[in-house]
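Reading through the structure tokens given below for one structure.
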Amino acid sequence: MKRIAITVNGARREAEVEPRELLVYFLREGLGLNGTVVGCDTSSCGACTVLLDGESVKSCTLLAVQADGREVTTIEGLAENGRLHPVQQAFHEHHGLQCGYCTPGMVMATVSLLQEHPDPSEDEIRHLLEGNLCRCTGYQNIVKAVRAAATA
Amino acid sequence: MAVTEERKTYVGEPVARKEDARLLTGQTRWVDNLSAQGMVWMAVVRSPFAHARIRSVDVSAAGDAEGVIAAFSGADLREEWAAGLPCAWPCTTDIRTPDHWPLAPDKARFAGDGVAVVVAETRALAKDAAALVDVDYDPLDAVTDVEAAVAEGAPLVHDEFPDNGCYTWSLQAGEVDRLFSEAAVTVKERYRQQRLIPNAIEPRAVLAEPTPATGGITLYSATQIPHILRTTLSMVTGIPEAKLRIVAPDVGGGFGSKLNVYAEEALALALARRLGRPIKWVEERSENYLATIHGRDVVQEIELAADAEGRISAVRVRLLAAMGAYLQLVTPGIPILGAYIYSGAYDVQGYDFECRGVFTHTTPTDAYRGAGRPEATYAIERAMDALAREVGKDPVEIRRLNFITEFPATIASGLEIDSGDFHGALDKALGMVGYDELRSEQASRRDRGDRMQLGVGLSTYVEMCGLAPSRVLRALKYVAGGWDAAEVRCLPTGTVQVIIGTSPHGQGHVTTFSQIVADRLGVDVDDVEVVHGDTMVAPLGMDTYGSRSLAVGGVALWHATEKIVTKARTLAAHELEVAEEDLEYENGRFTVRGTDRSLSVAEAALHAWTGHNLPDGMEPGLEATHVYDPPNFSWPGGAHICVVEVDTETGAVHLRRYVAVDDVGTVINPMVVDGQVHGGVAQGIGQALFEEALYDEGGNLTTGSMLSYIIPSAAELIDLEVDRVEAPSPTNPMGVKGVGETGTIASTAAVVNAVVDALSPYGVTDVDMPAKPERVWRAIQEGGAR
Numbered sequence: 000m001k002r003i004a005i006t007v008n009g010a011r012r013e014a015e016v017e018p019r020e021l022l023v024y025f026l027r028e029g030l031g032l033n034g035t036v037v038g039c040d041t042s043s044c045g046a047c048t049v050l051l052d053g054e055s056v057k058s059c060t061l062l063a064v065q066a067d068g069r070e071v072t073t074i075e076g077l078a079e080n081g082r083l084h085p086v087q088q089a090f091h092e093h094h095g096l097q098c099g100y101c102t103p104g105m106v107m108a109t110v111s112l113l114q115e116h117p118d119p120s121e122d123e124i125r126h127l128l129e130g131n132l133c134r135c136t137g138y139q140n141i142v143k144a145v146r147a148a149a150t151a
Numbered sequence: 000m001a002v003t004e005e006r007k008t009y010v011g012e013p014v015a016r017k018e019d020a021r022l023l024t025g026q027t028r029w030v031d032n033l034s035a036q037g038m039v040w041m042a043v044v045r046s047p048f049a050h051a052r053i054r055s056v057d058v059s060a061a062g063d064a065e066g067v068i069a070a071f072s073g074a075d076l077r078e079e080w081a082a083g084l085p086c087a088w089p090c091t092t093d094i095r096t097p098d099h100w101p102l103a104p105d106k107a108r109f110a111g112d113g114v115a116v117v118v119a120e121t122r123a124l125a126k127d128a129a130a131l132v133d134v135d136y137d138p139l140d141a142v143t144d145v146e147a148a149v150a151e152g153a154p155l156v157h158d159e160f161p162d163n164g165c166y167t168w169s170l171q172a173g174e175v176d177r178l179f180s181e182a183a184v185t186v187k188e189r190y191r192q193q194r195l196i197p198n199a200i201e202p203r204a205v206l207a208e209p210t211p212a213t214g215g216i217t218l219y220s221a222t223q224i225p226h227i228l229r230t231t232l233s234m235v236t237g238i239p240e241a242k243l244r245i246v247a248p249d250v251g252g253g254f255g256s257k258l259n260v261y262a263e264e265a266l267a268l269a270l271a272r273r274l275g276r277p278i279k280w281v282e283e284r285s286e287n288y289l290a291t292i293h294g295r296d297v298v299q300e301i302e303l304a305a306d307a308e309g310r311i312s313a314v315r316v317r318l319l320a321a322m323g324a325y326l327q328l329v330t331p332g333i334p335i336l337g338a339y340i341y342s343g344a345y346d347v348q349g350y351d352f353e354c355r356g357v358f359t360h361t362t363p364t365d366a367y368r369g370a371g372r373p374e375a376t377y378a379i380e381r382a383m384d385a386l387a388r389e390v391g392k393d394p395v396e397i398r399r400l401n402f403i404t405e406f407p408a409t410i411a412s413g414l415e416i417d418s419g420d421f422h423g424a425l426d427k428a429l430g431m432v433g434y435d436e437l438r439s440e441q442a443s444r445r446d447r448g449d450r451m452q453l454g455v456g457l458s459t460y461v462e463m464c465g466l467a468p469s470r471v472l473r474a475l476k477y478v479a480g481g482w483d484a485a486e487v488r489c490l491p492t493g494t495v496q497v498i499i500g501t502s503p504h505g506q507g508h509v510t511t512f513s514q515i516v517a518d519r520l521g522v523d524v525d526d527v528e529v530v531h532g533d534t535m536v537a538p539l540g541m542d543t544y545g546s547r548s549l550a551v552g553g554v555a556l557w558h559a560t561e562k563i564v565t566k567a568r569t570l571a572a573h574e575l576e577v578a579e580e581d582l583e584y585e586n587g588r589f590t591v592r593g594t595d596r597s598l599s600v601a602e603a604a605l606h607a608w609t610g611h612n613l614p615d616g617m618e619p620g621l622e623a624t625h626v627y628d629p630p631n632f633s634w635p636g637g638a639h640i641c642v643v644e645v646d647t648e649t650g651a652v653h654l655r656r657y658v659a660v661d662d663v664g665t666v667i668n669p670m671v672v673d674g675q676v677h678g679g680v681a682q683g684i685g686q687a688l689f690e691e692a693l694y695d696e697g698g699n700l701t702t703g704s705m706l707s708y709i710i711p712s713a714a715e716l717i718d719l720e721v722d723r724v725e726a727p728s729p730t731n732p733m734g735v736k737g738v739g740e741t742g743t744i745a746s747t748a749a750v751v752n753a754v755v756d757a758l759s760p761y762g763v764t765d766v767d768m769p770a771k772p773e774r775v776w777r778a779i780q781e782g783g784a785r
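Sequence order for the protein chains is D and W. Counting in numbering that gives the first Met the number 0, the first sequence runs from 0 upward without gaps. Counting in numbering that gives the first Met the number 0, the second sequence runs from 0 upward without gaps.
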């Protein structure tokens with residue numbers, strides 16, 4: 000077991016973890032933050048995307064110990080004072096989600112995307128979201144939501 | 000004067016979804032988010048061989064491992080089962096139905112077949128211990144290809160079923176042989192529907208929570224069908240149905256893959272009963288690829304008989320359909336769901352259909368979005384283009400020549416299409432896409448020998464969904480009914496609780512159904528609470544699949560609101576001391592004609608609750624349940640047009656435009672309907688261009704993860720242009736039809752027709768799905784022209 004300290008959604012969290020424990024399971028089962036979900040074993044689907052020091056990472060590809068001393072933001076940490084983050088709001092208004100399982104990862108990936116590319120074209124959005132799979136929406140309204148969030 | 004209240008109406012409006020707030024903020028209840036006191040984890044040991052005799056299973060090392068509570072072989076658990084896993088659609092009287100136990104006791108029949116199970120304190124320890132189970136296999140020859148499986152001397156999936164045959168189902172109407180012999184033109188085509196992996200992004204998961212003192216068990220499952228599970232799992236486990244509660248909490252997509260009764264659901268229940276502890280299992284993606292049903296895997300032959308102009312007189316179809324190793328819930332019935340519509344949207348007299356179901360050493364096939372109807376539509380729509388080539392007509396012209404134009408229309412297979420507007424949909428789609436301009440651009444690209452060739456593909460479809468009048472299902476040998484139910488409860492403080500029998504997993508029922516109730520009862524959409532997916536609170540229902548939720552469950556809800564209005568009217572007349580005929584009902588309020596005296600449904604609900612002044616004999620309370628059995632299938636239709644550019648040097652297919660014009664009857668929420676079309680078309684494009692499950696000669700799934708099985712990402716898809724024509728269904732009071740599967744049903748043919756059209760100067764008349772660059776490039780090389 001190894002002792003780690005991670006700042007998650009602004010709060011410092013300390014814990015003993017198995018060295019093999021993935022960050023996503025530490026968040027879900029260690030901290031009870033189960034908004035972040037697991038969709039595949041191969042870092043393909045992106046459902047588990049969170050922000051690590053502000054940048055999107057797939058939390059199933061990272062060990063919890065690798066996040067030691069760093070800052071993690073999850074879907075639970077996005078809305079402030081009960082008000083949806085502009086990306087969340089845009090997904091709602093443009094029907095960018097159906098079953099909602101890919102949504103936490105898709106939203107976190109979008110937050111990161113817009114930080115790096117504040118005014119992306121539709122084509123850029125499609126390529127920048129390549130690492131997040133959705134089986135419900137055909138991405139059409141996700142792309143629309145990302146464009147809307149960029150201009151919000 | 001009656002009071003005219005300004006009230007917003009909701010039906011037809013793109014009301015933003017009530018479901019979203021939780022899903023967007025991580026306040027979700029996926030099964031994997033749930034836990035219970037004393038919960039332990041299950042892991043399933045799966046056969047690495049496609050076909051092997053199980054000589055012995057030694058679970059002792061696993062049982063001794065850290066944190067392990069128990070470990071069992073299939074033979075150990077054989078006595079747990081009151082029945083095997085069910086097949087609810089034995090589609091012929093002589094169908095061969097093999098035993099299907101939750102764990103294989105003596106023989107593994109596909110790579111991934113469960114052979115042992117381990118229960119341990121944590122997810123990781125269960126997985127560790129599963130690796131310690133020692134299974135002594137005697138590997139046997141396997142056959143994974145459906146045509147190879149019916150060849151002489153093929154390895155048998157079940158020794159007792161020679162030639163791997165499961166059933167032969169046929170349907171004949173009209174003088175087909177005569178029509179073919181008299182035909183001026185015939186075309187015969189052969190297509191392959193590759194095997195697909197559904198890939199709901201949420202893997203399956205179960206949590207079985209027992210109450211040992213009462214014998215009751217609650218099963219939380221990532222399922223589309225909590226009600227069907229309750230009945231069937233009671234039969235499998237012997238747990239009395241009344242003691243079994245099934246909860247489908249938040250469910251992350253299904254597409255048919257969660258329309259099943261799975262081994263892990265039965266195992267979790269049996270182990271919870273046996274060990275007296277909550278049992279949890281969460282599927283890994285690689286496990287999902289092996290142990291959750293696959294779709295399609297059919298070899299199709301279709302023949303059209305036509306006159307010299309291209310007017311079709313008869314259609315003949317022969318299918319070889321892979322069942323996989325066992326029959327899951329509706330495996331044999333999937334081809335039958337397409338069997339009635341291989342004549343498409345066309346006026347045909349003769350019809351001859353035959354399907355052979357065949358066992359192979361593969362994951363069982365079953366319902367995948369569209370289930371039988373994408374296959375049928377692909378075959379007829381590809382064959383229509385072949386016929387157009389044969390008689391020298393444009394694909395638009397050949398379709399117009401053959402469309403059914405008058406409704407209701409009895410089609411060749413004997414069913415009745417209630418309504419449609421095939422010409423209208425095609426006109427609109429052609430206008431949107433700019434068909435004539437595209438044909439000129441195509442001609443000039445061809446003339447100048449452009450490396451990038453343009454292709455335009457049509458798919459003008461009709462489909463049958465809603466599944467279906469119960470009497471018809473009986474005739475089809477499906478063992479359950481086709482009804483659904485809804486309950487409306489007007490609460491004394493003015494809000495309305497709605498309990499539905501459908502079980503949404505992304506479709507937006509909470510919002511759509513709230514819109515229906517809000518308009519019918521004159522309440523705000525946010526004052527309607529929709530409850531679903533728990534057999535304890537919503538005991539009556541048939542769940543969600545086959546595009547049935549609105550067309551059956553939504554109509555049940557409409558009728559339940561009608562009962563509410565009827566009772567409230569009696570109550571209002573009594574309260575206002577007038578005759579019922581003197582009341583007008585509008586926007587949730589009964590007004591005495593010619594006066595300003597009125598009573599709202601909400602006020603009636605309060606009177607009904609106090610019971611202080613009810614008409615003689617009236618029961619207190621304002622609530623109603625309706626169970627609706629539809630009189631016909633639901634018949635959506637429309638026209639899809641795909642435009643592609645094919646790089647003739649690399650074989651790469653680039654989507655340029657995609658236009659979808661659908662008739663899905665009356666639309667309750669256009670935003671939700673558009674979303675259904677987008678998602679369905681995306682999956683159809685996936686089949687047409689990217690997706691394919693492959694086995695090697697040993698029977699191993701070589702596309703065993705998302706790295707090797709290509710699900711389209713945003714980068715592979717384009718913005719779809721979606722519009723509608725409306726031919727409301729006359730068979731229900733709202734005029735609604737199903738929409739969930741139209742996208743997969745229509746799209747594969749449109750895409751492949753476009754690819755073939757682009758390459759017609761090269762003599763290409765067929766490209767197998769998925770039309771990957773290598774396959775397209777080879778087709779160009781082998782085409783011969785230029």
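Backbone N, C-alpha and C define an ideal beta-carbon position, used for all residues, glycine too.
Delimiting residues of the beta strand (DSSP E) encompassing W/H653: 652 to 662 is the extent of the beta strand (DSSP E) around W/H653.
Option in W/P373, W/Q348, W/A428 with minimal Cα separation from W/N401: W/Q348
Close Cβ partners of W/A411 (< 6 angstroms) along its chain, the five nearest in sequence each way excluded: A172, S342, V347, Y350
Assigned exposure category for W/K106 - 16 Cβ within 10 Å defines buried: buried
Test: D/H94 CB closer than 8 angstroms to a CB of chain A: No chain A is present in this structure, whose protein chains are D and W.
Sub-8 angstroms separation of W/V316 and W/E300 beta-carbons: yes
Touch test, the region 234 to 250 of chain W against the region 24 to 33 of chain W, Cβ-Cβ under 8 angstroms, three pairs minimum: yes
CB-CB length for W/D296 against W/V527, believed under 8 angstroms: Actually they do not touch by this definition, with Cβ atoms about 42 angstroms apart.
Residue from W/E415, W/N198, W/H558 with nearest C-alpha to W/T291: It is W/N198.
Length of the line joining the Cα atoms of W/L490 and W/S513: 15 angstroms
Option nearest W/T665 by Cα separation, candidates W/D384, W/E725, W/G678: W/E725
Inter-stretch contact at 8 angstroms, needing at least 3 Cβ pairs: the region 681 to 699 of chain W / the region 709 to 719 of chain W: yes
Near-chain W residues of the region 74 to 108 of chain D (beta-carbon distance less than 8 angstroms), N- to C-terminal order: Within the region 74 to 108 of chain D, the residues whose Cβ lies closer than 8 angstroms to any Cβ of chain W are, in chain order, I74, E75, L77, A78, L83, Q87, F90, H91, E92, H94, L96, Q97, C98, G99, Y100, C101, T102, P103, V106.
Where the beta strand (DSSP E) through W/W280 begins and ends: 278 to 281
8 angstroms contact criterion, which D/F90 and D/T72 should meet: CB distance rounded: Not really, about 17 angstroms apart at Cβ, beyond 8 angstroms.
N-terminal and C-terminal residue of the beta strand (DSSP E) that W/V676 is part of: No beta strand (DSSP E) contains W/V676, which is instead part of the alpha helix (DSSP H) from 669 to 688.
Collapsed DSSP secondary structure at W/D19 in the structure displayed: helix
Exposed unless 16 or more other CB atoms sit within 10 angstroms - verdict on W/A378: buried
Contact with chain W by D/H116, beta-carbon distance below 8 angstroms: Chain W contact via Cβ: absent.
W/D420 vs W/S728 beta-carbon contact at 8 angstroms: no
Spatial distance of W/K17 from W/D525 (CA atoms): Approximately 8 angstroms, taken between the alpha carbons.
Expected contact under 8 angstroms - CB spacing of D/V106 and D/Q87 to nearest Å: 6 angstroms
is_contact[D/C135, chain W] using C-beta, thresh 8 angstroms: Contact of D/C135 with chain W is assigned, a C-beta pair being separated by under 8 angstroms.
Proximity below 8 angstroms, CB of W/T231 to CB of W/P85: yes
Where the beta strand (DSSP E) containing W/T624 begins and where it ends: Unbroken beta strand (DSSP E) run through W/T624: 622 to 627.
Cβ contact (3+ pairs, closer than 8 angstroms) linking the region 475 to 484 of chain W and the region 358 to 367 of chain W: no
Distance between beta carbons of W/A366 and W/Y136, contact taken as under 8 angstroms: In fact, because the Cβ distance is near 31 angstroms, the residues do not count as touching under 8 angstroms.
Whole-number beta carbon distance between W/Q506 and W/S548, since they are thought to touch under 8 angstroms: 6 angstroms
N- and C-terminal bounds of the alpha helix (DSSP H) containing W/I335: 333 to 338
Minimum C-alpha distance to W/V763 - residue among W/A385, W/S458, W/I710: W/A385
Bridge-paired residues (DSSP) for D/E129: Partner(s): none; D/E129 has no beta bridge.
Distance CB(W/N873)-CB(W/V554) smaller than 8 angstroms: The structure shown does not extend to residue 873 of chain W, since chain W is modelled only from 0 to 785, so the question has no answer here.
Inter-residue CB distance, D/V145 and D/I124 (contact presumed, cutoff 8 angstroms): The Cβ separation is near 5 angstroms, so the contact holds.
C-beta atoms of W/L575 and W/V564 nearer than 8 angstroms: no
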